[in-house]
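Residue numbers (the numbering used here): -6 to 177.
Backbone N, C-alpha and C define an ideal beta-carbon position, used for all residues, glycine too.
Here's the structure, in structure tokens; my notes come after.
Dropping the structure here:
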């Protein structure tokens, strides 16, 4: 959502920062001409950036976010830590009513189409299995009162399980395909 504000762009893929290696690449963006490591992420007013590489330390589950605000210019001195944008995230809290949600996003070979290099039959006519890929992103949240009108709770969990195979065979063009490539 930070990319929706004026002056924000995605960081270059050739950047030297380690955010994508740490699983934080989805949160990286450049704003107002600054690098992605100048963005200051805060959750409920607490700094989320690590002090070494100046990157976000964890990604809160989307179910826990009630609202967020991105400022990329003219912010007050209380946010003077970084020169880039300030991302303020406010988390959800419990209420007097019990509420919750559960979810699961599934992706596997039953839903995926084959790619060009993973054909159903090999050049020798043998049947080839679809590449193994199973991804389950699941979680839930629940909130409610501990003591009505006084004390509330809100709990959230998000899990990710991914299993992925690697193709060790390569597709070979048929004689007709090779002829069409060389005749054009």
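Rounded to whole angstroms, how far is the Cβ of residue i from the Cβ of residue j, which I believe are closer than 8 Å?
i, j, result
"residue 56", "residue 98", "In fact, because the Cβ distance is near 13 Å, the residues do not count as touching under 8 Å."
"residue 145", "residue 136", "7 Å"
"residue 76", "residue 27", "6 Å"
Who are the Cβ neighbours of residue i in its own chain at under 8 Å, not counting the five residues just before and after it?
i, result
"residue 141", "89"
"residue 152", "129, 130, 131, 132"
Starting from residue i, trace the beta strand (DSSP E) both ways and give me its first and last residue.
i, result
"residue 74", "Residue 74 -> no beta strand (DSSP E), and no H or E assigned at all."
"residue 35", "33 to 36"
Do you know offhand how far residue i's Cα is from residue j's?
i, j, result
"residue 5", "residue -2", "18 Å"
"residue -5", "residue 139", "35 Å"
"residue 150", "residue 39", "20 Å"
"residue 173", "residue 48", "50 Å"
"residue 1", "residue 74", "19 Å"
"residue 154", "residue 148", "20 Å"
"residue 46", "residue 123", "40 Å"
State yes or no: is the C-beta of residue i within less than 8 Å of the C-beta of residue j?
i, j, result
"residue 134", "residue 93", "yes"
"residue 127", "residue 156", "yes"
"residue 72", "residue 37", "no"
"residue 102", "residue 125", "yes"
"residue 85", "residue 52", "no"
Starting from the C-beta of residue i, find all residues in its chain whose C-beta is less than 7 Å away, skip the five residues before and the five after it, and write them out in chain order.
i, result
"residue 81", "35, 61, 62"
"residue 43", "50"
What residues in its chain sit with their C-beta under 6 Å from that of residue i, if we drop five residues either side in the sequence?
i, result
"residue 78", "24, 32, 63, 65"
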